[in-house]
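Below is one structure, written out as structure tokens; comments come after it.
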Amino acid sequence: RGHLVPLLLDLPPTYLDIHALYPARRFLPAKVAHFIDQLADAWGDPPIWEQGLGLSRISQQ
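Heads up: the sequence shown is residues 30 to 90, going by my numbering.
See the structure below:
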């Protein structure tokens, strides 16, 4: 039928890290630098003053 069925609802979510690796060289294409900046803005560590408050960045947007 094409319906989604939630599974394992009693388990807490698992959070994964995102890493951006790029060659160590002087020139980094602007689109790559922009993409890395966007990842850091969206999923980077919360500011020190928000740590421990239980806020997720997604819920703040």
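The C-beta atom is built at its ideal place from N, Cα and C for all residues, glycine as well.
Original post:
Would a C-beta distance cut-off of 9 Å place Y44 and I65 closer than the cut-off?
Top reply: Numbered from its first residue, the sequence shown carries residue 44 at position 15. Numbered from its first residue, the sequence shown carries residue 65 at position 36. It is not a contact, given that the beta carbons lie outside the stated cut-off.
**OP:** Report the three-state DSSP secondary structure of H63 (helix, strand or coil).
**Re:** Here the question's residue 63 lines up with position 34 in the sequence shown. Reduced to three states, the DSSP call for H63 is helix.
**OP:** Just confirm the distance between the C-beta atoms of L68 and I47, as a whole number of angstroms; I'd bet it's less than 8 Å.
**Re:** Residue 68 sits at position 39 when you count from the first residue of the sequence shown. Residue 47 sits at position 18 when you count from the first residue of the sequence shown. The pair is a contact, with the Cβ atoms about 6 Å apart (cut-off 8 Å).
**OP:** Let me know the secondary structure DSSP gives L68 once reduced to three states.
**Re:** For the purposes of this step, residue 68 is taken as residue 39 along the sequence shown, with counting starting at 1. Helix.
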